[in-house]
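Student: Take 110 as the starting number for the sequence shown in the numbering used here and just add one per residue.
Just so it is clear, CB atoms sit at the ideal spot from N, CA and C, and this is done for glycine as well.
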Amino acid sequence: MSCPGGECKRNDQIELGDCKEKSNEDVQFVATSSGKGHQFRVTNTNLCLQKSARSVTVTLEPCNTKNKFQTFVGFKSDGIRFDLRPSTSTKRCLSQHHHPKNGETIYAETCFKAHNVDTGYWVAY
């Protein structure tokens with residue numbers, strides 16, 4: 110995943126990156142267990158993934174362990190594919206619009222649709 114322009118800022122939407130090629134725009138996350146899932150913080154920042162309360166949008170916002178919109182379930186660190194579901198909307202999975210393409214915005218799609226076209230799965234490296 111990557112941030113637009115290579116620098117992550119508040120309110121940024123994360124984009125799909127090419128994981129086969131390293132880039133300065135690549136984002137690394139620290140996953141922290143919160144008891145009800147994981148919070149994903151961009152390394153060396155205080156910005157975390159957050160699903161919007163009113164839409165499917167996922168943005169980077171200041172980390173807050175009490176913010177339920179920053180908690181995601183489904184994470185696995187063992188190299189096996191997983192889906193990430195917002196803890197507030199478990200019928201949705203983090204995905205992109207269609208077949209993985211560099212630069213597409215990540216958002217919370219219905220898991221049914223995301224899994225039907227294999228865009229709802231992730232692997233931790």
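Which runs of the alpha helix (DSSP H), 4 residues or longer, sit entirely within the stretch 141 to 229?
Tutor: If we require 4 residues or more, the alpha helix (DSSP H) runs fully inside the stretch 141 to 229 come out as 220 to 225.
Student: Below 7 Å between beta carbons: does that hold for residue 179 and residue 157?
Tutor: Within the sequence shown, residue 179 is the residue found at index 70, counting from 1. Within the sequence shown, residue 157 is the residue found at index 48, counting from 1. Yes, the pair counts as a contact, with Cβ atoms nearer than the cut-off.
Student: So the candidates are 211, 195, 215; which of them puts its Cα closest to the Cα of residue 204?
Tutor: In the sequence shown, counting from the first residue as 1, residue 204 sits at position 95. For residue 204, the nearest C-alpha among the options comes from 215.
Student: Taking residue 195 as the reference, which of 227, 186, 189, 143 has the closest Cα?
Tutor: Position 86 of the sequence shown, counted from the start, is the residue given in the question as residue 195. The shortest Cα separation from residue 195 among 227, 186, 189, 143 belongs to 143.
Student: Considering Cα atoms alone, identify which of 225, 114, 198 is closest to residue 146.
Tutor: Within the sequence shown, numbered from 1, the residue matching residue 146 stands at position 37. Selected option, being the one with the closest Cα: 198.
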